[in-house]
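Numbering (this note's numbering), first residue to last: 614 to 1408.
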């Protein structure tokens, strides 16, 4: 059980929230503090309780309904100044806390940090006890003129007695050993001398001002002083008590000074840590809202300028183009001067900071021979630089520059912020890389889709060019194809050009970037086309388009160059390796597209030639059939033309018409299997002969069905003798069981047969045939087809 005083501590607690009061009591009990707590909630209760007396300590909330802790503090200080007073509040801000301490509060504790309450109480009670001791000593000194020398000499606080001279100077009559810290010399060399004789002038002026105030008012003075003494920088809390002579004049001053340097430094350290914590939180919150690399760098550098009152802040990153470093962005007067500066790999402090992962601090960087371009600093020669480290990898460096000196504390805070910034940059870089990869994959998918589903090279080129321009973020893209005859790279397609000049491109192999890329089978770049001049070879693109950068990749398929893919940009480019790899991938896709289109074109040409050969064979068969039966010579060509005209009226597709034409040409090919004795018999056929004749559709089916090319043309040879009412042959199909092409052909076949002269009868007139066909509608012929046929009569 912890015991601070001889008996239980009597505590007066001003608190309106019973839960908070219970938390305080529980905190003290858990720490083993013997105490008796009296809780009050209003001004009247508080005043009455104090008046009753007997309290060792006051704990008070800062804000209460109708009352506040500051008013309670003032009342307690006025009536009972010896009782320590501690604020315990959840709403106490820094300014309010300082104000409370200034007005006499011993300490303050936040409710969310009650662990500090016990140490604060111990200090307060110890200070109160010490204060009582000092007052007893002061009274003893006044009453007995330093009769208790042993106590006087052993008190840790500085005690001194000063005489006020006639001309208002202050002479040292007595001091204790603890006072020697003030002049920094033994007291034997101090007693009897004036203050200004033993203390530095600037220190004496500060102390004299306070002593004169005590003399002039004739009242005790309590205050704090910050002094630069021979022993160092110190803070003192002093109590000055005036003593009057028989005339009433203040002739003596008794002083007690406590060295509170450690406490002040602790407070300053705590305040500084709080400021640093707030700075880190501010930067962290600001960076968390940024979603792109540019936003993060802008927010970060602006925060650094504000936080360190800097003249400039700079971020330095590796440059993939030069292999050195580049100032990616700068803010402030100095930062803007450095923006875009390229730093060689063997120059400057930045490379050292990144390579060593160590910070750099110099308040005279202008004379540091390692510093690159100190002429850009102006008067801001105080420099701090820290590495940006993410996942143990240094990805860059941060700089701040200002006129005022930078300290190690500044460097530590700067380093902490750099760690946060590096993680934020790493996070957004991964996010941007992921998004970029997704865009790249989508672009490649679109190009693959274009290659696999579309064999029009112009359409494929358009897809490729658009994706290349968007994904690689360049101003213009073109494709030049290799002409194997002239050995030149000729314009094929382009996008992003302001003028048509690119369309006149005819580049010889080996000339310029494009010719070299095709001849050397590698990507070629020109970072400054204006300097390339005539070597570029297409001056009009420079004059009219104002291009600055040119990249060319060869289009290679199975070891053969098909052409080149060209990129143009009107500003300098510094692509990373991933960009170059993706460029090469897109060039490969373009080469595949060119090869696929070429193969498809060749295949189409071969198919067309094969189709023409097939159709020529079919027409040959058709003419052979007509020559075999002179009675029906020309019949096949006529019915073919008629059925195609009928198909046009029925809005049939070109594919359907093609199959219809082939079927019409071969409609009687099955008769090749009928004996000539039956086929050319001049008289009527017997029943057995007619059965043989009716087999010719089956013969056609057997002859043509193995030929896949003619499968869809088989309907007419196989089914044109079927009838709508099911009375036809060879299978007795009925209605729409009969293929439409066969139903159509049946009408034109009968029309041509009846309007043609036969040895055994004269030709019918078209009107008689039309009437016959109308009569057979719904019997022999499909009524719907008959209607369309009769609406478009042949003459």
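Positions of the beta carbon are idealized from the N, C-alpha and C atoms, including for glycine. Keep in mind the model is a prediction, meaning the values are calculated, not measured.
Legend entry - Between the CA atoms of residue 1310 and residue 1243 - distance to the nearest angstrom: With a pLDDT of 49 at residue 1243, under the threshold of 50, the predicted position of this residue should be treated as unreliable, though the coordinate-derived value follows. Spanning the two alpha carbons is a distance of roughly 21 Å.
Legend entry - Residue from 1105, 1350, 1100, 1008 with nearest C-alpha to residue 1092: It is 1105 whose Cα lies nearest to the Cα of residue 1092.
Inset, instruction - Pull up the distance between the alpha-carbon of residue 1117 and that of residue 1103, whole angstroms please. - result: Separation of residue 1117 and residue 1103 (C-alpha to C-alpha, rounded to the nearest whole angstrom) is 8 Å.
Legend entry - Span of the alpha helix (DSSP H), counted from its first residue to its last, around residue 1308: Where residue 1308 is concerned, there is no enclosing alpha helix (DSSP H), given that its DSSP letter is neither H nor E.
Legend entry - Nearest-angstrom beta carbon gap, residue 947 and residue 990 [assumed within contact, 8 Å]: 6 Å between Cβ atoms; contact.
Legend entry - Segments assigned alpha helix (DSSP H), at least 4 residues, entirely inside the region 905-944: Within the region 905-944, the complete alpha helix (DSSP H) runs of at least 4 residues are 906-920.
Legend entry - Given residue 998 as reference, the closest of 982, 1030, 980 once Cα atoms are compared: Of the candidates 982, 1030, 980, the one whose C-alpha sits nearest the C-alpha of residue 998 is 1030.
Legend entry - Sequence-distant residues of the same chain with beta carbon closer than 6 Å to residue 995, five excluded per side: Cβ neighbours of residue 995 beyond the five flanking positions: 976, 1015, 1018, 1019.
Inset, instruction - Using 10 angstroms around the beta-carbon of residue 1289, count the other beta-carbons present and answer buried if the total reaches 16, otherwise exposed. - result: Here residue 1289 is exposed. Its C-beta has fewer than 16 other C-beta atoms within 10 Å.
Inset, instruction - Starting from the N-terminal side, write out each stretch of the beta strand (DSSP E) that is 3 residues or longer and does not extend beyond the region 1086-1170. - result: The qualifying runs are 1089-1096, 1101-1108, 1119-1121, 1137-1139, 1162-1170.
Inset, instruction - Label residue 1300 either buried or exposed according to how many other C-beta atoms from any shown protein chain fall within 10 Å of its C-beta, with 16 as the threshold for buried. - result: Exposed, since its Cβ has fewer than 16 Cβ neighbours within 10 Å.
Inset, instruction - Provide the residue span of the alpha helix (DSSP H) that contains residue 1261, from first to last. - result: Per DSSP, residue 1261 belongs to the alpha helix (DSSP H) from 1248-1262.
Inset, instruction - Determine the closest residue to residue 1392 out of 1400, 1336, 1365, with distance taken between C-alpha atoms. - result: The shortest C-alpha separation from residue 1392 is found at 1336.
Legend entry - Endpoints, the alpha helix (DSSP H) within which residue 965 is located: Per DSSP, the continuous alpha helix (DSSP H) segment holding residue 965 begins and ends at 961-969.
Inset, instruction - Find the nearest neighbour of residue 972 within the set 1012, 626, 1345, judged by alpha-carbon distance. - result: Taking only the C-alpha atoms, the option nearest residue 972 is 1012.
Inset, instruction - Determine the contact status of residue 1329 and residue 1280, defining contact as a CB-CB distance below 7 Å. - result: Yes, these two residues count as a Cβ contact at 7 Å.
Legend entry - residue 1379 - DSSP class collapsed to helix/strand/coil: Residue 1379 falls in the helix class under three-state DSSP.
Inset, instruction - List the DSSP bridge partners of residue 648. - result: DSSP lists 622 as partners of residue 648.
Legend entry - Residues sharing a beta bridge with residue 847, DSSP: The partner list for residue 847 (beta bridge, DSSP) reads 840.
Legend entry - Buried versus exposed call for residue 1207 [16 or more other C-beta atoms within 10 Å across all chains shown]: Looking at its Cβ environment, which holds 16 or more other Cβ atoms inside 10 Å, residue 1207 is buried.
Inset, instruction - Please state whether DSSP places residue 864 in a helix, a strand or coil. - result: Three-state DSSP puts residue 864 in a strand.
Legend entry - Rounded straight-line distance, which links the Cα of residue 788 to that of residue 739: In this structure, the straight-line span from the alpha carbon of residue 739 to that of residue 788 is close to 24 Å.
Inset, instruction - For the beta strand (DSSP E) holding residue 1000, just list the boundary residues, first then last. - result: Per DSSP, residue 1000 belongs to the beta strand (DSSP E) from 995-1003.
Legend entry - Three-state class that DSSP yields for residue 630 in the structure shown: Under the three-state reduction of DSSP output, residue 630 falls in the coil class, being neither helix nor strand.
Legend entry - Buried versus exposed, by CB contacts within 10 Å (16 or more), residue 846: Its Cβ having fewer than 16 others within 10 Å, residue 846 is exposed.
Legend entry - Complete runs of the alpha helix (DSSP H) confined to the region 1339-1373 [at least 4 residues]: 1353-1367, all fully within the region 1339-1373.
Inset, instruction - Could you check if residue 1370 is buried or exposed, using at least 16 other CB atoms within 10 Å of its CB as the buried criterion? - result: Looking at its Cβ environment, which holds fewer than 16 other Cβ atoms inside 10 Å, residue 1370 is exposed.
Legend entry - Residue closest to residue 693, alpha-carbon to alpha-carbon, out of 664, 701, 707: The residue with the shortest Cα to Cα distance from residue 693 is 664.
Legend entry - Distance cut-off 6 Å: residue 1257 Cβ against heavy atoms of the ligand ADP: What this structure holds is no ligand at all, so the ligand ADP is not there to describe.
Legend entry - Best match in 858, 803, 783 for proximity to residue 825 [C-alpha to C-alpha]: Distances from the alpha-carbon of residue 825 to those of 858, 803, 783 put 783 closest.
Inset, instruction - Go ahead and label residue 905 buried or exposed: buried means 16 or more other beta carbons lie within 10 angstroms of its beta carbon, across all protein chains shown. - result: Residue environment analysis places residue 905 among the exposed positions, since fewer than 16 neighbouring C-beta atoms fall within 10 angstroms of its C-beta.
Inset, instruction - Look at the Cβ atom of residue 1333, then the Cβ atom of residue 1359, and state whether they are nearer than 7 Å. - result: In this structure, residue 1359 lies closer than 7 Å to residue 1333 by Cβ.
Legend entry - Alpha-carbon to alpha-carbon, residue 1295 and residue 1274: So the two alpha carbons sit approximately 31 Å from each other.
Legend entry - Supposed close pair residue 771, residue 750 - CB separation, criterion 8 Å: Rounded, the Cβ-Cβ distance is 12 Å, inconsistent with contact.
Inset, instruction - Return the residue from the list 720, 833, 708, 704 that minimises the CA-CA distance to residue 686. - result: Nearest in C-alpha terms to residue 686, of all of 720, 833, 708, 704, is 720.
Inset, instruction - Excluding the 5 residues preceding and the 5 following residue 932 in the sequence, name in chain order all residues of the same chain whose CB lies nearer than 7 Å to its CB. - result: Closer than 7 Å at the Cβ level, and outside the excluded window around residue 932, lie 938, 939, 955, 1187.
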